[in-house]
Amino acid sequence: MSRATLLTGVGELVTFDPVHEGPLGVVRDAALLDVDGRVEWTGLASAAPRSDADEIVDAGGAAVIPGFVDSHTHLVFGGDRSAEFEARMAGRPYSASGIRGTVAATREATEDALRVRLTRFVTELRGQGTTTFEIKSGYGLTIADEERILRLAREATPETTFLGAHVIPAEYADDPEAYVDLVTGAMLEACAPHARWIDVFCETGAFTVEQSRRILTAGTERGLGVRVHASQLGPGDGVALAVELDAASVDHCTYLTDADVTLLAGSRTVATLLPGVEFSTRHPYPDARRLIDAGVRVALASDCNPGSSFTSSLPFCIAVAVRDMGMTVPEALRAATLGGAEALRRDDVGHLRPGARADYVVLDAPSYVHLAYRPGVPLVTRTRIAPH
Ligand code: NIG
Ligand code: FE
Numbered sequence: 004m005s006r007a008t009l010l011t012g013v014g015e016l017v018t019f020d021p022v023h024e025g026p027l028g029v030v031r032d033a034a035l036l037d038v039d040g041r042v043e044w045t046g047l048a049s050a051a052p053r054s055d056a057d058e059i060v061d062a063g064g065a066a067v068i069p070g071f072v073d074s075h076t077h078l079v080f081g082g083d084r085s086a087e088f089e090a091r092m093a094g095r096p097y098s099a100s101g102i103r104g105t106v107a108a109t110r111e112a113t114e115d116a117l118r119v120r121l122t123r124f125v126t127e128l129r130g131q132g133t134t135t136f137e138i139k140s141g142y143g144l145t146i147a148d149e150e151r152i153l154r155l156a157r158e159a160t161p162e163t164t165f166l167g168a169h170v171i172p173a174e175y176a177d178d179p180e181a182y183v184d185l186v187t188g189a190m191l192e193a194c195a196p197h198a199r200w201i202d203v204f205c206e207t208g209a210f211t212v213e214q215s216r217r218i219l220t221a222g223t224e225r226g227l228g229v230r231v232h233a234s235q236l237g238p239g240d241g242v243a244l245a246v247e248l249d250a251a252s253v254d255h256c257t258y259l260t261d262a263d264v265t266l267l268a269g270s271r272t273v274a275t276l277l278p279g280v281e282f283s284t285r286h287p288y289p290d291a292r293r294l295i296d297a298g299v300r301v302a303l304a305s306d307c308n309p310g311s312s313f314t315s316s317l318p319f320c321i322a323v324a325v326r327d328m329g330m331t332v333p334e335a336l337r338a339a340t341l342g343g344a345e346a347l348r349r350d351d352v353g354h355l356r357p358g359a360r361a362d363y364v365v366l367d368a369p370s371y372v373h374l375a376y377r378p379g380v381p382l383v384t385r386t387r388i389a390p391h
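Residue numbering for the sequence shown follows the numbering used here, starting at 4 and increasing by one per position.
This is the structure:
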């Protein structure tokens with residue numbers, strides 16, 4: 004027996020359906036018919052097929068948007084790095100070497116402790132409107148620890164990413180090539196069954212472009228999709244590599260050359276911007292306007308991790324992107340929903356067109372604009388995630 008729920012009394016419904024108004028596909032005084040967790044119909048409430056519904060829910064004039072799609076997080080880790088943040092805010096620069104501290108704490112943590120923390124993060128994300136999220140490994144850096152992180156991540160989401168190439172662990176500091184051999188060999192073997200994606204931190208101080216190409220190619224040979232961390236701390240060759248390998252997404256993109264922008268514009272690789280990182284490291288924000296004007300697809304994600312960006316809030320990222328990265332409010336909303344879905348190569352989330360998962364967020368606001376207009380205010384009153 005199928006079950007139909009009519010959500011009505013929606014003051015402003017964002018669908019991204021081109022049959023509705025403007026680039027966001029907005030309907031005012033709207034309704035949405037959800038049949039067995041899929042969007043069946045959206046339109047004017049006055050035209051809603053009421054007799055088809057088993058249940059009618061009234062949104063009381065609130066705005067409703069697609070659930071956020073957070074395409075970049077690192078939610079499985081041990082330890083705390085608040086002292087590092089405090090020192091940064093007092094003038095010390097960010098250093099990726101802090102990753103090794105989290106690696107040590109994660110290796111020491113019990114599986115139960117990691118799971119309890121992950122479960123809390125998932126509740127935190129959902130409470131802020133995120134309905135689909137990716138999780139990376141990368142704080143284990145041994146076969147057993149990376150495998151354990153990915154197994155736990157898989158309990159929470161199908162969007163899991165093997166990031167054994169996060170940094171060279173301390174025990175391989177004198178022989179980085181041996182670590183690349185491990186990542187592309189036995190570690191990949193153990194981790195690939197729990198992962199959909201492979202990722203590399205391609206940056207000075209982490210992995211070179213040659214090492215990154217080797218690692219990502221080994222992943223594609225095991226059937227994993229490609230994602231890349233690049234141009235976070237300075238310009239480099241990571242964006243060109245991501246485009247060369249048809250990566251679904253290249254993330255950070257803080258320091259881009261004109262050539263990078265041209266390459267991205269001619270590709271289907273999404274540039275995923277992570278404003279929480281620049282907020283928390285005091286690096287300059289990435290220039291979203293430059294990318295959008297060049298025709299690059301852009302996503303916003305949290306990069307929730309204990310070192311460079313300890314926020315799980317996409318409303319926060321939207322507010323910063325609008326205030327400081329040259330995005331309009333509709334562009335930022337799109338980047339945190341449909342853009343995130345594109346960065347995960349998913350067509351069933353990030354929008355509310357017929358056939359999409361009925362994952363949506365009810366806001367305590369008359370318009371989605373309030374996400375940027377009321378920064379820091381908890382506007383999410385309900386996050387609806389359709390059963391899988
Ligand atoms: O995405 N860029 C590399 N990795 C993380 C930072 C992790 C950390 O500092 O612990 C990132 O920003
Ligand atoms: Fe990251």
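Don't be surprised by glycine CBs; every beta carbon is placed ideally from N, CA and C.
From a predicted model like this one, the values you see are computed outputs, not experimental measurements.
For residue i, write down the residues that DSSP places opposite it in a beta bridge.
| i | result |
| --- | --- |
| P378 | Per DSSP, none; premise fails for P378. |
| G228 | W200 |
| R387 | Y363 |
| P69 | Y363 |
| T223 | Bridge partners of T223: none, in fact. |
| D61 | T11 |
| E24 | V29 |
| A107 | BP columns for A107 are empty, so no partner. |
Can you give me the C-alpha to C-alpha distance between residue i and residue j, rounded to a whole angstrom?
| i | j | result |
| --- | --- | --- |
| H329 | P278 | In the sequence as presented, His is not what sits at residue 329; that position holds Gly. When rounded, the distance between both Cα atoms is 12 Å. |
| D177 | I171 | 10 Å |
| E15 | G241 | 40 Å |
| C194 | L303 | 27 Å |
| R103 | H169 | 10 Å |
| Y363 | H23 | 17 Å |
| V264 | A339 | 20 Å |
| P196 | T187 | 14 Å |
| M190 | T126 | 30 Å |
| V229 | P96 | 30 Å |
| G28 | G342 | 15 Å |
| Q131 | T384 | 9 Å |
| T220 | W200 | 12 Å |
| S5 | R360 | 15 Å |
| R217 | R151 | 24 Å |
| E89 | P289 | 23 Å |
| V183 | Q214 | 7 Å |
Who are the near neighbours of residue i in its chain, counting only those whose CB is closer than 6 Å to its CB and skipping five residues on each side?
| i | result |
| --- | --- |
| A375 | I321, A322, V325, V332 |
| Y142 | F80, T105, V106, T109 |
| D20 | G28, R356 |
| R387 | Y363 |
| T284 | Y97, S311 |
| L238 | Residue identity differs from the one stated: residue 238 is Pro in this sequence, not Leu. Hits under 6 Å: Y258, T260. |
| A268 | A297, G298, V299 |
In chain order, what residues of the same chain have a beta carbon less than 8 Å from the beta carbon of residue i, not counting five sequence neighbours either side?
| i | result |
| --- | --- |
| A262 | A243 |
| D57 | R6, A7, T8 |
Check whether the Cβ of residue i lies closer than 6 Å to any heavy atom of the ligand PLP, and answer yes or no.
| i | result |
| --- | --- |
| D306 | As for the ligand PLP, it is missing from this structure, which binds only the ligand NIG and the ligand FE. |
For residue i, I'd like the list of residues in its chain whose CB is within less than 7 Å of its CB, leaving aside the five on either flank, ordered along the chain.
| i | result |
| --- | --- |
| E345 | V273, R300, A302 |
Compare the C-beta of residue i against all C-beta atoms of chain D and say whether one is closer than 7 Å.
| i | result |
| --- | --- |
| V253 | The chain inventory of the structure shown lacks chain D, comprising one protein chain alone. |
How about the region 317 to 335 and the region 375 to 386: do they share at least three Cβ pairs that are nearer than 8 Å?
-> yes
Is there contact here, the region 356 to 369 with the region 303 to 316, by at least three beta-carbon pairs under 8 Å?
-> no
Would you check if there are 3 or more beta carbon pairs closer than 8 Å linking the region 365 to 374 to the region 30 to 48?
-> no
On the three-pair Cβ rule with 8 Å, is the region 154 to 169 touching the region 237 to 255?
-> no
Whole beta strand (DSSP E) runs in the region 330 to 374 with 3 or more residues, listed along the chain?
-> 363 to 366
Start-end ranges of the beta strand (DSSP E) lying completely within the region 237 to 314, minimum 3 residues = 252 to 255, 273 to 276, 301 to 303
Only counting runs of 3 or more residues, tell me where the beta strand (DSSP E) segments fall wholly within the region 29 to 58, in order along the chain.
-> 29 to 38, 41 to 47
Minimum length 3: unbroken beta strand (DSSP E) runs contained in the region 162 to 218 = 162 to 168, 200 to 205
Complete beta strand (DSSP E) runs within the region 110 to 171 (minimum length 3 residues, chain order) | 133 to 139, 162 to 168
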